[in-house]
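Report on the following structure.
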Amino acid sequence: AYNLSVVMEKVKDDLPVLVKNLKELSVNLNAVVKNNRVNINRTLVSLRKTTENLSRASYRLDKILADLESGKGTLGKLLKDEELYENVNEGVKALGKAGKVVEKTKLYIGLRGELYREGDSKGILSVRLVPDEKKYYLLEVVGDSRGRVYREEYLNGGEVVKKEFKPEFTLQYARNFSLFGRTLTLRGGLKESTGGLGVDYYLSSDKYLFADIWDFGRKDRPQDKNLKPNLQLGLHWYINRNLYVRFGGDDLLNAKLRGVFGGIGLEFVDEDLKYLLGGMSVPIR
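Residue numbering for the sequence shown follows the working numbering, beginning at 42 and increasing consecutively.
Okay, here's the thing in structure tokens:
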């Protein structure tokens, strides 16, 4: 009873102060509302407009999605166009096939030297691109110690024969065929910067006979008239996976220039290059 009386006495003393504070708070709130009534009204109007805009945007979005679903409009027609879908699908398949072709393509890089009559020689850098077993593309850069011979004429009737030591290029397309159970390869294109044809006949996986004819309408020896094209026959023999030799007859259609030649070379496939770059030994054929 004593504690309750004390509490009641305390409340009785604090109640006037509490009432006074509440009155002051009410006055202050009224003043704040009165002073900011315009801003509050503007905020309410802005919120109402925002709500209306969101409602209209939602309606328009629903309408657009419905039009797309039904195939209306340019975009809707595109989305519903089965032919377009098929074309895109075929395009994706084509890209996939192209990727597979690149993945299957093998790259061979080689370097060889050849020695000819009278001490002449050739240095040849070769690149062979093999997309599949039926064909390949051959690119060679040839340095010939004999050079390309040409003739310069002067106004007074004189002339002088000069040699031009520039790289020559071989660029050929090759196609493989089956003949008597063995592979026959036909080649055509440029041979040492002139038109040329070639054929290879495989005796086994590591040996093949080759024939090349090129330089029709020859101008490499102006002092010799009516020269026939250069015909070369020989044997290409892989000693192992990367080392090979080749030898045969050169310029066989011209008795004056006819001779033999021999060469040795190295050839690496892209897998071998990975071994070399990785410091690993190259497997032997």
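Using N, Cα and C, we set each Cβ at its ideal position, and we do this for glycine too.
Distance between residue 160 and residue 282, taken at the CA atoms: about 29 Å.
Setting aside the 5 residues that flank it on each side, residue 170 is surrounded in the same chain by 146, 148, 177, 178, each with a C-beta closer than 7 Å to its C-beta; the list follows chain order. For residue 258, no beta strand (DSSP E) run applies, since DSSP gives it neither H nor E. In this structure, DSSP gives residue 163 an extended state, which the three-state scheme calls strand.
Under the three-state reduction of DSSP, residue 97 is assigned to helix. Rounded to the nearest angstrom, the gap between the Cα atoms of residue 272 and residue 164 is 19 Å.
Each residue's CA atom was taken as its position, placing residue 241 and residue 252 some 7 Å apart. Of 87, 308, 294, the smallest CA-CA separation from residue 287 is found for 308.
Under the three-state reduction of DSSP, residue 153 is assigned to strand. Between residue 255 and residue 232, the C-beta gap is smaller than 8 Å, which places the two residues in contact.
Residues 235, 236, 270 of the same chain have their beta carbon placed closer than 8 Å to that of residue 257, with the five preceding and five following residues left out of the count.
The Cβ-Cβ distance between residue 183 and residue 211 falls below 8 Å. Across the structure, residue 244 and residue 207 are spaced so that their CA atoms are roughly 35 Å apart.
Per the coordinates, the alpha-carbon of residue 186 lies some 10 Å from the alpha-carbon of residue 157. A residue is called buried once 16 or more other Cβ atoms fall within 10 Å of its Cβ, and residue 290, having fewer, is exposed.
Sequence-distant Cβ neighbours of residue 260 in its own chain, meaning closer than 6 Å and more than five residues away, do not exist here. The straight-line gap separating the alpha-carbon atoms of residue 248 and residue 127 is approximately 48 Å. Assigned with DSSP and collapsed to three states, residue 146 falls in coil, not helix or strand.
Spatial neighbours of residue 246 in its own chain (CB-CB distance under 6 Å, excluding positions within 5 residues in sequence) are not present. Excluding residues up to 5 positions away in sequence, 247, 285 lie with their Cβ nearer than 6 Å to the Cβ of residue 279 in the same chain. Under the DSSP assignment, residue 217 falls in the beta strand (DSSP E) whose first and last residues are 209 to 220. In this chain, residue 280 is not harboured by any beta strand (DSSP E), its DSSP state being neither H nor E. Ranked by how close their Cα comes to the Cα of residue 215, the residues 226, 221, 209, 222 have 226 in first place. Judged by DSSP secondary structure, residue 297 falls outside any beta strand (DSSP E); it is assigned neither H nor E. For residue 227, the enclosing beta strand (DSSP E) starts and ends at 223 to 232.
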